[in-house]
Structures are given as C-alpha cells and as structure tokens.
Amino acid sequence: MENTTKIALVTGGSRGLGKNMALQLAARGIDVLLTYRGKQAEAEAVVAEIQALGRKAAALQLDVADAQGFEAFFGRVKTTLRDTFQAEQFHFLVNNAGIGIYAPFADTTVAQFDELVNIQLKGPFFLTQQALPFISDGGRIINISSGLARFALPGYAAYAAMKGAIEVLTRYQAKELGARGIAVNTVAPGAIETDFGGGAVRDTPGLNAHIASTIALGRVGLPDDIGGVVAFLCTEEARWINAQRLEVSGGQNI
Numbered sequence: 047m048e049n050t051t052k053i054a055l056v057t058g059g060s061r062g063l064g065k066n067m068a069l070q071l072a073a074r075g076i077d078v079l080l081t082y083r084g085k086q087a088e089a090e091a092v093v094a095e096i097q098a099l100g101r102k103a104a105a106l107q108l109d110v111a112d113a114q115g116f117e118a119f120f121g122r123v124k125t126t127l128r129d130t131f132q133a134e135q136f137h138f139l140v141n142n143a144g145i146g147i148y149a150p151f152a153d154t155t156v157a158q159f160d161e162l163v164n165i166q167l168k169g170p171f172f173l174t175q176q177a178l179p180f181i182s183d184g185g186r187i188i189n190i191s192s193g194l195a196r197f198a199l200p201g202y203a204a205y206a207a208m209k210g211a212i213e214v215l216t217r218y219q220a221k222e223l224g225a226r227g228i229a230v231n232t233v234a235p236g237a238i239e240t241d242f243g244g245g246a247v248r249d250t251p252g253l254n255a256h257i258a259s260t261i262a263l264g265r266v267g268l269p270d271d272i273g274g275v276v277a278f279l280c281t282e283e284a285r286w287i288n289a290q291r292l293e294v295s296g297g298q299n300i
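Mind the numbering: the sequence shown is residues 47 to 300 in this note's numbering, read in order.
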C-alpha cells in the first residue's frame with residue numbers, strides 16, 4: 047500500500063535555513079527527503095531529528111552546481127522514495143541550496159559569476175525540470191530568493207541578479223505548470239543569522255546592529271522566522287497562493 051503522507055524534497059537541508067525548513071515541514075506531518083553537498087554527518091543528524099518527530103526522512107548527496115548529475119540524482123531519488131517512503135512521487139520541492147559571494151560589482155570575477163549562475167540559477171532551473179515527473183499533480187514548488195532582489199546592498203550585484211532571475215522564473219513555472227495544479231512561489235528572506243556568507247551577519251556585532259536598524263521590527267531575522275513560512279506554503283490553507291513573492295524580512299529597508 048502506497049504511503050499517503052506527503053513528502054518534501056528540500057535541497058541544502060542539512061544546515062541553516064534549509065535545516066529549519068526541513069524541521070518545520072516535519073513538525074507539520076510532512077516526510078522529508080533532504081540533500082547535502084559535503085557534510086553527510088550533519089545531514090544524517092537532521093534526518094535523526096526528523097525521525098524523532100515521528101516522520102520518515104532520508105538524506106542524499108547533491109551538488110546543485112552540477113546539472114549533468116541531476117539525472118543520476120533522480121535515479122537515487124526514485125530508489126529512496128520506494129525504499130524509505132514507500133512512494134513513487136513527492137509533493138513539495140524546495141529549492142533552497144545556495145551560497146553567498148560578497149564582491150563589489152567592479153571586482154566580481156567571471157569565475158565568481160559562473161559559480162553563482164551554476165548554483166543559484168542553472169541548478170534550480172534544471173533540477174526542477176528533472177523533478178517534474180516526480181512531483182505529484184497538485185504539488186508545490188518553492189524557490190528561495192532574497193530581499194537583495196528588491197533592495198540594493200553593495201557587494202551583492204551578481205548574487206542578487208541570480209535571485210531576480212529566480213523570481214521571474216517562478217512566475218513562468220507557475221504559468222506553465224498550472225495545468226497540473228502545481229503552485230509555484232518565491233520566499234525571499236531578509237538578513238538572517240546563519241553561517242551563510244561565512245556567518246558575517248550572525249558573528250559581526252557592528253554589522254548585525256546596522257542591519258537591525260534597517261528592519262522595521264528592530265532585529266535581524268533567525269532561521270525560525272523563515273522555515274515556518276515555507277512549511278505554510280505546503281499546507282492546504284495556502285493552496286490558492288501562486289506565482290507570488292513572499293518577502294520574509296521583518297520589514298527591511300521599507
């Protein structure tokens with residue numbers, strides 16, 4: 047008998063925002079298949095936390111910069127869905143995996159730009175394309191953008207440009223996948239205290255205080271501020287939200 051519990055695939059789910067998303071999904075009764083790039087032990091620890099919540103979970107290695115590897119990755123997904131989840135498809139895809147590169151526009155190198163393209167734009171584009179046969183009709187896709195696609199903070203020109211592209215892509219995906227009942231939305235976090243970008247926002251008191259002063263609610267965001275919004279978009283209550291950009295920033299730079 048096939049598992050009727052819904053399943054989410056969360057890329058970059060072993061740490062930071064992705065870990066919080068995975069745990070928040072599990073807390074709402076959703077099983078989770080998460081990916082990690084290099085740190086298997088971290089990923090397995092998150093799997094154990096999800097299992098402790100009474101949900102099924104598994105972790106698979108994935109480098110989102112390597113689009114040539116996606117077909118083989120989904121071969122592993124097919125096997126894992128069958129063996130761990132007793133399922134053939136999943137319901138929710140969260141394109142979270144990413145990196146941050148700080149580089150002023152004038153100094154950004156071709157190598158930095160190409161790395162960001164591969165991870166932040168080409169990766170989610172073709173990973174989602176390869177995922178289509180595995181996403182159930184009526185499912186959801188959530189792409190992760192950034193507040194930096196709306197407001198400009200010097201040093202993030204290339205990164206923010208990729209996120210702007212993701213926001214446009216989201217609308218096209220929503221339009222083209224609507225016939226299958228698949229809703230596609232963007233969640234755009236503001237500044238968050240994680241190890242992202244070397245943990246600068248979290249670990250630099252002066253920077254943290256400066257950013258907090260630009261946020262209407264008076265503090266920098268935490269992972270717990272983001273994961274629940276992603277989980278909400280995977281609930282039945284959110285079924286009519288489609289092709290939207292939800293900025294979750296506490297009112298940053300308004």
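Glycine included, C-beta positions come from ideal geometry on N, C-alpha and C.
Separation of residue j from residue i, as counted between CA atoms
| i | j | result |
| --- | --- | --- |
| SER295 | SER182 | 31 angstroms |
| ASP160 | LEU223 | 28 angstroms |
| ALA133 | LEU127 | 5 angstroms |
| PRO179 | PHE172 | 13 angstroms |
| GLY245 | ILE145 | 12 angstroms |
| ALA203 | PHE151 | 6 angstroms |
| PRO125 | ALA105 | Residue 125 is actually Thr in this sequence, not Pro. Near 12 angstroms, if we compare the C-alpha coordinates of ALA105 and THR125. |
| TYR148 | ALA206 | 11 angstroms |
| PRO200 | THR154 | 12 angstroms |
| LYS168 | PHE119 | 16 angstroms |
| VAL163 | ALA255 | 31 angstroms |
| GLN175 | LEU253 | 38 angstroms |
| GLN86 | GLN107 | 8 angstroms |
Beta carbon of residue i nearer than 9 angstroms to that of residue j
| i | j | result |
| --- | --- | --- |
| ASP77 | ALA94 | no |
| VAL92 | ARG61 | yes |
| GLY115 | TYR82 | no |
| GLY264 | GLY227 | no |
| ALA225 | ILE212 | no |
| ASN299 | THR260 | yes |
| THR130 | LEU80 | no |
| ALA198 | ILE287 | no |
| GLY210 | GLU293 | no |
Nearest-angstrom beta carbon gap, residue j and residue i [assumed within contact, 8 angstroms]
| i | j | result |
| --- | --- | --- |
| VAL233 | VAL276 | 6 angstroms |
| ALA111 | CYS280 | About 26 angstroms; that fails the 8 angstroms criterion. |
| LEU215 | ALA177 | 14 angstroms between Cβ atoms; not a contact. |
| ALA157 | ASN231 | That pair is no contact at about 32 angstroms. |
| GLN219 | ILE187 | 6 angstroms |
| HIS137 | LYS52 | 4 angstroms |
Cβ-based neighbour list, residue i, same chain, cut-off 8 angstroms, excluding 5 preceding and 5 following
| i | result |
| --- | --- |
| LEU63 | ASN142, ILE190, PRO235, ILE238, THR240, PHE242, PRO269, ILE272, GLY273 |
| LEU69 | VAL92, GLU95, ILE96, LEU99, GLY273 |
| GLY297 | ILE261, ALA262, LEU263 |
Nonlocal neighbours in the same chain, by C-beta distance under 6 angstroms from residue i, ignoring five residues either side
| i | result |
| --- | --- |
| GLN166 | GLY144, MET208 |
| THR74 | Reading off the sequence shown, one finds Arg at residue 74, where the question assumed Thr. Counting only Cβ-Cβ distances below 6 angstroms, and skipping sequence neighbours, we find ALA277. |
Cβ neighbours of residue i in the same chain (closer than 7 angstroms, five flanking residues each side left out)
| i | result |
| --- | --- |
| LYS65 | GLY59, VAL92 |
Task: Continuous alpha helix (DSSP H) assignments of at least 4 residues falling wholly in the stretch 194 to 242 - done: Counting whole runs of 4 or more residues, the stretch 194 to 242 contains the alpha helix (DSSP H) stretches 203 to 223.
Task: Start-end ranges of the alpha helix (DSSP H) lying completely within the stretch 144 to 172, minimum 4 residues - done: Qualifying alpha helix (DSSP H) stretches, in chain order: 156 to 162.
TODO: Taking only runs that begin and end inside the stretch 240 to 300, name each unbroken beta strand (DSSP E) of 3 or more residues, in chain order.
DONE: Here the runs fully enclosed are 291 to 294.
Open item on the list: Please give me, in chain order, every unbroken run of the beta strand (DSSP E) with length at least 3 that falls completely inside the stretch 86 to 119.
Closed with: Fully enclosed beta strand (DSSP E) runs of 3 or longer: 103 to 107.
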